[in-house]
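There are 2 protein chains.
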Amino acid sequence: MNSSPKVPMPTLERLATYLRYLIDLDASHVETISSTDVERQTGINAAQFRKDLSYFGEFGKPGVGYNVSELQGRIARILKIDQMQPVIVVGAGNLGSALIGYPGLQEHKFHIAAAFDRDPAKIGRRQNDLTVLDETLLGEVNAKIGARIAILCVPANAAQHVANDAIAAGVRVILNFAPIILKVPERVVVRNVSFLQELAVLSYHLSSETPT
Amino acid sequence: MNSSPKVPMPTLERLATYLRYLIDLDASHVETISSTDVERQTGINAAQFRKDLSYFGEFGKPGVGYNVSELQGRIARILKIDQMQPVIVVGAGNLGSALIGYPGLQEHKFHIAAAFDRDPAKIGRRQNDLTVLDETLLGEVNAKIGARIAILCVPANAAQHVANDAIAAGVRVILNFAPIILKVPERVVVRNVSFLQELAVLSYHLSSETPT
DNA sequence: TAATGGTTGTGCGATAATTCACAAACGACC
DNA sequence: GGTCGTTTGTGAATTATCGCACAACCATTA
Numbered sequence: 028m029n030s031s032p033k034v035p036m037p038t039l040e041r042l043a044t045y046l047r048y049l050i051d052l053d054a055s056h057v058e059t060i061s062s063t064d065v066e067r068q069t070g071i072n073a074a075q076f077r078k079d080l081s082y083f084g085e086f087g088k089p090g091v092g093y094n095v096s097e098l099q100g101r102i103a104r105i106l107k108i109d110q111m112q113p114v115i116v117v118g119a120g121n122l123g124s125a126l127i128g129y130p131g132l133q134e135h136k137f138h139i140a141a142a143f144d145r146d147p148a149k150i151g152r153r154q155n156d157l158t159v160l161d162e163t164l165l166g167e168v169n170a171k172i173g174a175r176i177a178i179l180c181v182p183a184n185a186a187q188h189v190a191n192d193a194i195a196a197g198v199r200v201i202l203n204f205a206p207i208i209l210k211v212p213e214r215v216v217v218r219n220v221s222f223l224q225e226l227a228v229l230s231y232h233l234s235s236e237t238p239t
Numbered sequence: 028m029n030s031s032p033k034v035p036m037p038t039l040e041r042l043a044t045y046l047r048y049l050i051d052l053d054a055s056h057v058e059t060i061s062s063t064d065v066e067r068q069t070g071i072n073a074a075q076f077r078k079d080l081s082y083f084g085e086f087g088k089p090g091v092g093y094n095v096s097e098l099q100g101r102i103a104r105i106l107k108i109d110q111m112q113p114v115i116v117v118g119a120g121n122l123g124s125a126l127i128g129y130p131g132l133q134e135h136k137f138h139i140a141a142a143f144d145r146d147p148a149k150i151g152r153r154q155n156d157l158t159v160l161d162e163t164l165l166g167e168v169n170a171k172i173g174a175r176i177a178i179l180c181v182p183a184n185a186a187q188h189v190a191n192d193a194i195a196a197g198v199r200v201i202l203n204f205a206p207i208i209l210k211v212p213e214r215v216v217v218r219n220v221s222f223l224q225e226l227a228v229l230s231y232h233l234s235s236e237t238p239t
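Listed in order, the protein sequences are those of chains A and B.
When the letters of the first sequence are read in order and numbered with my numbering, they come out as residues 28 to 239.
When the letters of the second sequence are read in order and numbered with my numbering, they come out as residues 28 to 239.
As structure tokens, then:
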């Protein structure tokens, strides 16, 4: 039942956005939305919204719209965030700690099952019911946890090494905060988050717009 | 001398990537690179690299390649990160603190000139030579600082309000970490960073690849 | 000076993503 | 049951992005 042969990446990214709004709407007891409602709220073209969904089947009723809670459930299932998933975090510096303490992760069904670092000063530190473990134990520990998602919050020069270890430990997808392009086997999916890059793009836009 | 009429967004994003690698290469005293070298290191197609640069003029010598330090300087100038830029951070929670303590920002010529929060418990706290200020002072303080870049690390329900204030205070581009789509005037540029979204996309990819 | 090996900058076709536009479907109302 | 206003799902057109392929160019060596 792997329904979708080739879903565009931008579609997947937008699905996550839709889901966020649907959760809010559901919390506000809104029962039904139309694609034009979505456009008003998100700025994403209504046809785009419908086409995004169409990759995964039919969701709405013509003349009526979409049932909020049903759609929410189905998108969550598509993204596989309908049930808790274990995640490991490597690197317990400022950023890693911020992630560990971020309640949004739990809400979105991601459970940080273990945190690692190689700095002895950080190993053993406790935070949110979690003890920072020695990075060298990654393979051993994940053999029990079975996390297939890893979040890398280590410095650029350590990232490739850590990624290799994580992959060897069974990790299949990586969220990489280090400003470096990881070399990984084809089956492994990596997504990079780089605020420096984002800031650079923003910085570029500063002069292009002339005031008044 | 606003040379470039319409540069694709993906090009800008890649420019920031190139810059990172050039900085490293320069530090390793590499003098020259070719576009194929770039492809080997970054995985970005060599022709893509050349085309990206072509939006801004000519940079290389046929038969030779590109001078690393010169190219680095020119890309930095294009992205306007060749000289220090003041940035304000709103929201001094876990994430905001992590950013304030992140040395990479300084290295990339972004100087956090002020940090704000609305939580009395956080106001007055000091970190990295910076005192967290009351959010209501944003306009007043930025009149002196003149920052045109703001980083939003506030919860989703506060983000729109803070964005409005920041824009009123002269901010022109926003890096938004809150999981919400901000409504801003056309002249203001927003970029969103959402690890939840990234995780969701990664999560989707978990099942599509079948083992063996 | 001529020939050679290597590299750039770019026109152009290929691929991907977005948006339009409309038939088919639905509920409400008469 | 028929008509009307609304909204979906999607084929087709449009727009954006990518990557090939090649002429023009440069340094080196003979």
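Glycine is no exception: its CB is placed at the ideal position from the N, C-alpha and C atoms.
Check: Which residues DSSP lists as bridging ASP161 of chain A, in chain order; Outcome: A:ASP144
Check: Beta-bridge pairing of SER49 of chain A - partner residues as DSSP gives them; Outcome: It should be noted that the sequence gives Leu, not Ser, for residue 49 of chain A. Per DSSP, none; premise fails for LEU49 of chain A.
Check: ALA186 of chain B versus ARG41 of chain B: straight-line alpha-carbon distance, rounded; Outcome: 28 Å
Check: Coarse secondary structure for PHE204 of chain A, derived from DSSP in three states; Outcome: coil
Check: Residues near SER230 of chain B by beta carbon distance below 6 Å, same chain, minus five either side; Outcome: none
Check: Per-residue burial, LEU179 of chain A [other beta carbons within 10 Å of its own, 16 or more giving buried]; Outcome: buried
Check: Heavy atom of the ligand COA within 7 Å of ARG145 of chain A beta-carbon; Outcome: In the structure shown, the ligand COA is absent, as is every other ligand, since no ligand is present at all.
Check: Helix, strand or coil at TYR231 of chain B [DSSP, three-state]; Outcome: helix
Check: Residue environment, GLU225 of chain A, which counts as buried when at least 16 other CB atoms sit within 10 Å; Outcome: buried
Check: Straight-line Cα distance separating PRO212 of chain B from VAL200 of chain B; Outcome: 11 Å
Check: Proximity of ILE139 of chain B and VAL116 of chain B at Cβ, strictly below 8 Å; Outcome: yes
Check: Contact check, ASN121 of chain B vs GLY84 of chain A, beta carbons under 8 Å; Outcome: no
Check: DSSP three-state assignment for LYS88 of chain A, whether helix, strand or coil; Outcome: strand
Check: THR44 of chain B: contacting residues in chain A (beta-carbon distance under 8 Å); Outcome: ILE208 and GLN224
Check: Identity of the residue in A:VAL65, A:TYR82, A:LEU49 and A:ASN191 nearest SER96 of chain A by Cα; Outcome: A:LEU49
Check: As assigned by DSSP and simplified to three states, the class of ALA193 of chain A; Outcome: helix
Check: One or two residues paired with HIS138 of chain B in a DSSP bridge; Outcome: B:PRO113
Check: Cβ of LEU100 of chain B within 8 Å of any chain A Cβ; Outcome: A small correction: the amino acid at residue 100 of chain B is Gly; Leu does not occupy that position in the sequence shown. For GLY100 of chain B, the answer is no, since every Cβ of chain A falls outside 8 Å of its Cβ.
Check: Nearest-angstrom Cα separation, counted from SER55 of chain A out to LEU157 of chain A; Outcome: 33 Å
Check: Between the CA atoms of VAL189 of chain B and LEU209 of chain B - distance to the nearest angstrom; Outcome: 10 Å
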